[in-house]
Structure formats: C-alpha cells, structure tokens
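For reference, the structure is listed below as structure tokens.
In my numbering, the protein residues as written are 1 to 193.
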C-alpha cells in the first residue's frame, strides 16, 4: 500500500515546480531513533503536505541523518536539484547547524534548499511527552498545550515571510523565455501557472 501511495506522490512531485521537505527525528520508548519525513509541494495551485515514511537512522550525527534524508530526496529531485527549495527541521544544532548541521550538508547538494525552522516541533514535544507518561499522569495540562499552540500560531507569520523569500529567490534563479513560435503558445500558458 505504501508503494502505491509513493507512486502517486512521485507523480505529483514530477508535475510540481518545487518541493520542500520536513523531517523530525525523535527517540521512541525503546530508545530507538526514528525520523518522520514529510514532503510539501503544490498540486493544482494548492499546497499539499504528504507523509512519506518513517526512517530509522543508524546514528544521530549530521552525516548519518543527512544521508538518511538524501536517500529520500535523491530519487525524487536528483535530475532537477533546483526543485528542492526548502528544508525544515527542529532547532537542534545537529539539524540546524550552519556549517556542519544536516541543513548545511543538504544545501551543499541542493543549493536552493533554504533552511526554515520547524515551528510545529514544540507542539510535537508536548504531545509526545503527554503520551509517554504513565496512567496517573495522562491528564494533559491544558495550559502547556495552549502555550504550544499559541507559540505555533504566533510563528506562522514568520514562516510565511520565510516561504515568500524562498519563492522570490527561486524565481530569480529559474528563468523562462517563451519561444517566438506561436504554435507553442498553448504549452506556454500551461507552464506559466
């Protein structure tokens, strides 16, 4: 079933101009590292967010984590490296480090892949912590959940500004000159979405 979903997502990505990736690495109750990978792109003029997979990195160092992410990205965008315009992770230095973090290593291969801090991470931490506590502590503190949601909502404007900047930069990199031949005009209008 996952294979069928992946085929559909790959088809949608192939028909999209840009791709963004979001990954969040966490440790499960068995102390095993897991990474959730989400892909974002535009389909029929609407933004789409798709779960890709849970991956299990062997270690938590930047090289291993970036290679794990690249194992997803390379088959999807290797032929058009400028297609990947954004990467989002939590603020941990292993992920967000400017020189040797995962985002820097990914950006070496995909220069248009700007790093955007993932503001959903605090909410994820609150919910994860609440779900992992014992039965007597399962009552979620509504104040902490509300604070996490408020923090997430307050950062939406900053995220939107970052996305606008990335799109603006990508538009400057990718240019298109329409052909003079008028018989190609119907195809041009399809490209100018």
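Cβ atoms here follow ideal geometry from the backbone N, Cα and C, with glycine treated the same way.
DSSP, read as helix, strand or coil, puts residue 31 in coil. Here residue 106 is near residue 69, since their CB atoms are less than 8 Å apart. Taken in chain order, the unbroken stretches of alpha helix (DSSP H) that lie wholly in the region 39-120 and span 4 residues or more are 62-77, 93-96 and 102-109. Judged by beta-carbon spacing, residue 116 lies within the 8 Å limit of residue 162, meaning their Cβ atoms are closer than that value.
Counting along the chain, residue 14 sits inside the alpha helix (DSSP H) bounded by residues 2-14. Rounded to whole angstroms, the gap between the alpha carbons of residue 78 and residue 156 is 30 Å.
Within the same chain, and ignoring the five residues on either side of residue 110 in sequence, the residues whose Cβ sits closer than 6 Å to its Cβ are 81 and 84. According to DSSP, residue pairing for residue 21 in a beta bridge involves 39 and 87. Around the beta-carbon of residue 90, 16 or more other beta-carbon atoms lie within 10 Å, marking it buried. Note that the C-beta distance between residue 57 and residue 64 is below 8 Å. Counting of Cβ neighbours within 10 angstroms places residue 37 among the buried residues, the total reaching 16 or more. By the C-beta density criterion, residue 21 is buried, having at least 16 other C-beta atoms within 10 angstroms.
If the five residues before and after residue 9 are omitted, its C-beta is found closer than 6 Å to the C-beta atoms of 50, all from its own chain and listed in chain order. The beta carbon of residue 114 sits closer than 6 Å to those of 86 and 166, all from its chain and outside the five residues before and after it, given in chain order.
Shown here for residue 42: same chain residues with a beta carbon closer than 8 Å to its own, the five before and five after excluded, namely 16, 17, 18 and 48 in chain order.
Close CB contacts of residue 31 within its chain, under the 7 Å cut and outside five residues either way in sequence, are absent. A residue is called buried once 16 or more other Cβ atoms fall within 10 Å of its Cβ, and residue 5, having fewer, is exposed.
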